[in-house]
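Participant: Once you've had a glance at the structure underneath, I'll fire off some questions.
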Amino acid sequence: MSPTKKLLIALGVAVVLLVVVAVVVGGGGEDGVEVETAEARVRPITQAVTASGVVAAESEVSISPDVSGEVIFVGVKEGDAVERGQLLLRIRPDTYASQRQQALAGVRASQTDVEAARADAAQVAAERGQLQADIAQATAERDRAQRTMDRQQSLLDQGLGSEVELENARGAFEQARAAEQAAKARLATLDTRIASAQARIRGAEARVSSAQASAQQAGQQLAQTAIYAPMSGTVTYLNVEAGERVVGTATMAGTELLRIAQLNDMTIEIEVSETDVANLALGDSARVEVDAFPDDPLVGVVSEIATSARTAPNASGQASTNFPVTIAILASGETPEGVTLAASGEERTPRAPSVRVRPGMNGTVDVFTRTVPNAVVVPIQAVTVRDLNAIRRDSLETANAKGDETADPDAVPEEEDLRRVVFVVVDGKAEMRLVETGIADDTHIEITSGLAGGETVVTGPFKLLRTTLDSGDAVKEE
């Protein structure tokens, strides 16, 4: 075979190979990698915190007796509507009535003792007054006898008197002085009797006060045998029947008799994680979906956020910290802005939800915490994270392999430089854009920088978007 023919055959084979390569490469470039896409839109986005909870009445009281005994009358049944002050049930009052009568008798007896002690003290006081008059008279008699004795002594000294007269005067003086001292001794005895009488009066008065306190307590216990409704509402739980014995709360936990709730004012309590509770505020609006009424979502408002957390193990056994949050369920047509929260203490009309929710029903709550009216939003799965340092090293290694000696992959730091990125489809190729994100809802996330809206972004497949797709790759939209 001639050299010319060999050359022509080699050229033909080369041309065929080039055509095949061109077809393969060209076909792949035309089709590219199939990706899922979505449009970056400008629209409002609202951040929500979602949690489950249990419906409860906003106002519910559990009623227990203050006294123990046998229930002799039950005037309501479960489901009845009651008014504040209405008689609910009665406990047998006989024992407490007897105790009150005994206490009143003790009061009367103690008052009699007080009167007797006061009469004795008055009699002793009268005797003391008479004795003081006697002492004054005895003192005057002693002074007169002393003057007579002094005069007889003076006469005797002058030689005009006699010893007999002086001795008689001295005897009269001694007798008067003895009478005065005896009267004063009797006065001290009377003072002791008066102090004793006053002590008896104070003791009797103390017994009167004690008996009166016992009578008051017995009267209160007698009154507590009748149980009245502390508020208007509905009996949601009844735990006793006539003839049963109940235990009062004065000595132990007591028997729960019944519960009354205001079923117009309903709430649902949810538990929010510590990372989400910081986004909540009193007055935030919410959507409440009760499991029993899936087609009737209700409107709610955050009425209470607990200041103390509840810590409990989660499914993996680790401690989970959550904060109880109370959502007030609004009436049909009522707006969160028009609700007066219970904390304000103002009078308001009870709410009435559009469906008959009952305590104990389960539900799911979406609390809307923040809204951006004109946000650039993309599906959440469109945002991924890439290591920019790894991308730079790969680019420098490729350049170095092609002969660029200035490309030094080792100049790039080893630590990760993780950034949020979005891949935008431009002329059939993926273009990586660095983005910053804002709030998010269940499906979309706000892009605060990096996109202007209207771009076509890659949303999947997940594995391709997470690890494989690079900027400049040819892509084909599904």
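FYI, in full-length UniProt numbering the residues of the sequence shown are 1 to 478.
All C-beta atoms, glycine included, are put in the ideal place defined by N, C-alpha and C.
The model shown is predicted, which means the values in this text are computed figures rather than measured ones.
1) In whole angstroms, what separates the C-alpha of Gln-146 from that of Gly-129?
2) Pull up the distance between the alpha-carbon of Lys-429 and that of Ile-45, whole angstroms please.
3) Under 8 Å, with one C-beta from each stretch per pair, do the region 115–130 and the region 186–195 reach the 3-pair mark?
4) Return helix, strand or coil for Asp-113, following the three-state DSSP convention.
5) Select from Gly-438, Gln-152 and Asp-394 the residue whose C-alpha is nearest the C-alpha of Arg-412.
6) By the DSSP assignment, the beta strand (DSSP E) with Asn-322 in it spans what residues?
7) Could you please give me the residues that DSSP links to Ile-305 through a beta bridge?
8) Just checking, does the region 361–371 make contact with the region 286–295 on the three C-beta pairs under 8 Å criterion?
9) Counting C-beta neighbours from all protein chains within 10 Å, is the total for Arg-142 16 or more, i.e. buried, or is it exposed?
10) Pull up the distance between the alpha-carbon of Arg-245 and that of Ala-229, whole angstroms please.
11) In the DSSP assignment, what are the bridge partners of Asn-239?
12) In this structure, does DSSP put Leu-263 in helix, strand or coil?
13) In its own chain, which residues sit with a C-beta less than 6 Å from the C-beta of Thr-364, not counting the 5 before and 5 after it?
14) Where does Met-432 sit, in a helix, a strand or coil, going by DSSP?
15) From the DSSP output, which residues share a beta bridge with residue 495?
16) Skipping 5 residues on each side, what residues in its chain have a beta carbon closer than 8 Å to that of Glu-269?
17) Distance, Cα to Cα, Pro-379 vs Ile-445?
18) Can you list, in chain order, the residues of its chain whose CB lies under 8 Å from that of Ala-319, leaving out five sequence neighbours each side?
19) Per DSSP, Glu-34 forms a beta bridge with which residues?
20) Please report the distance separating the alpha-carbon of Gly-438 from that of Thr-448.
21) Under the assumption that Leu-280 contacts Val-272 (Cβ atoms under 8 Å), give the Cβ distance between them as a whole number of angstroms.
22) Under the rule that 16 or more other beta-carbon atoms within 10 Å means buried, what is Ser-110, buried or exposed?
23) Determine the contact status of Ala-40 and Gly-454, defining contact as a CB-CB distance below 8 Å.
24) Which two residues bound the contiguous alpha helix (DSSP H) that contains Ser-316?
25) Can you round the beta-carbon distance between Ala-179 and Ala-138 to whole angstroms, since I take them to be within the 8 Å contact cut?
26) Here's the rule: buried if 16 or more other CB atoms are within 10 angstroms of the residue's CB, otherwise exposed. What is residue 512?
Facilitator: Let's see:
1) Residue mapping note: residue 146 aligns to position 146 of the sequence shown, counting from 1. Residue mapping note: residue 129 aligns to position 129 of the sequence shown, counting from 1. Cα to Cα, the separation comes out at about 26 Å.
2) Taking the first residue of the sequence shown as position 1, residue 429 is located at position 429. Taking the first residue of the sequence shown as position 1, residue 45 is located at position 45. Going from the Cα of Lys-429 to the Cα of Ile-45 covers about 29 Å.
3) Under the Cβ criterion (8 Å, minimum of three pairs), the region 115–130 counts as touching the region 186–195.
4) Working through the sequence shown from its first residue, we reach residue 113 at position 113. Looking at Asp-113 - three-state DSSP - the assignment turns out to be helix.
5) Residue 412 sits at position 412 when you count from the first residue of the sequence shown. Correcting the residue identity first, residue 412 is Val in this sequence and not Arg. For Val-412, the nearest C-alpha among the options comes from Asp-394.
6) To locate residue 322, count along the sequence shown from 1; it is residue 322. Residues 319–329.
7) For the purposes of this step, residue 305 is taken as residue 305 along the sequence shown, with counting starting at 1. According to DSSP, Ile-305 bridges with Val-325.
8) yes
9) Reading the sequence shown from its first residue, position 142 is the one you call residue 142. By the neighbour-count rule (16 or more Cβ atoms within 10 Å), Arg-142 is buried.
10) For the purposes of this step, residue 245 is taken as residue 245 along the sequence shown, with counting starting at 1. For the purposes of this step, residue 229 is taken as residue 229 along the sequence shown, with counting starting at 1. Using only the alpha carbons, I get a separation of about 20 Å.
11) Taking the first residue of the sequence shown as 1, we reach residue 239 at position 239. Its beta-bridge partners do not exist; DSSP assigns none.
12) For the purposes of this step, residue 263 is taken as residue 263 along the sequence shown, with counting starting at 1. In this structure, Leu-263 counts as coil in the three-state DSSP scheme.
13) Counting from one through the sequence shown, the residue named residue 364 turns up at place 364. So the qualifying residues of the chain are Ser-52 and Glu-289.
14) Numbered from its first residue, the sequence shown carries residue 432 at position 432. Three-state DSSP puts Met-432 in a strand.
15) No statement about residue 495 is possible, as the shown extent of the chain runs from 1 to 478 and does not include it.
16) Locating residue 269 in the sequence shown gives position 269, where the first residue counts as 1. Same-chain partners within the cutoff: Gly-53, Val-54, Ala-56, Pro-324, Val-325, Thr-326 and Ile-327.
17) Working through the sequence shown from its first residue, we reach residue 379 at position 379. Working through the sequence shown from its first residue, we reach residue 445 at position 445. Taking the straight line joining both Cα atoms gives about 6 Å.
18) As a position in the sequence shown, residue 319 is number 319, starting the count at 1. Answer for Ala-319: Thr-311, Ala-312 and Pro-313, listed in chain order.
19) If you number the sequence shown from 1, residue 34 lands on position 34. Paired residues: Lys-476.
20) Start at 1 with the first residue of the sequence shown, and residue 438 comes out as number 438. Start at 1 with the first residue of the sequence shown, and residue 448 comes out as number 448. Between the alpha carbons of Gly-438 and Thr-448 lies a gap of roughly 6 Å.
21) By one-based count along the sequence shown, residue 280 stands at place 280. By one-based count along the sequence shown, residue 272 stands at place 272. The Cβ separation is near 7 Å, so the contact holds.
22) Your numbering for residue 110 matches position 110 in the sequence shown. By the Cβ neighbour-count rule, Ser-110 is buried, with 16 or more other Cβ atoms within 10 Å of its own.
23) To locate residue 40, count along the sequence shown from 1; it is residue 40. To locate residue 454, count along the sequence shown from 1; it is residue 454. In contact: Ala-40 and Gly-454 (Cβ atoms closer than 8 Å).
24) By one-based count along the sequence shown, residue 316 stands at place 316. That residue, Ser-316, is in no alpha helix (DSSP H); it is neither H nor E in DSSP.
25) Reading the sequence shown from its first residue, position 179 is the one you call residue 179. Reading the sequence shown from its first residue, position 138 is the one you call residue 138. Right, their Cβ atoms sit about 5 Å apart.
26) What the structure shows of the chain is the stretch from 1 to 478, and residue 512 is not part of that stretch, so it cannot be assessed.
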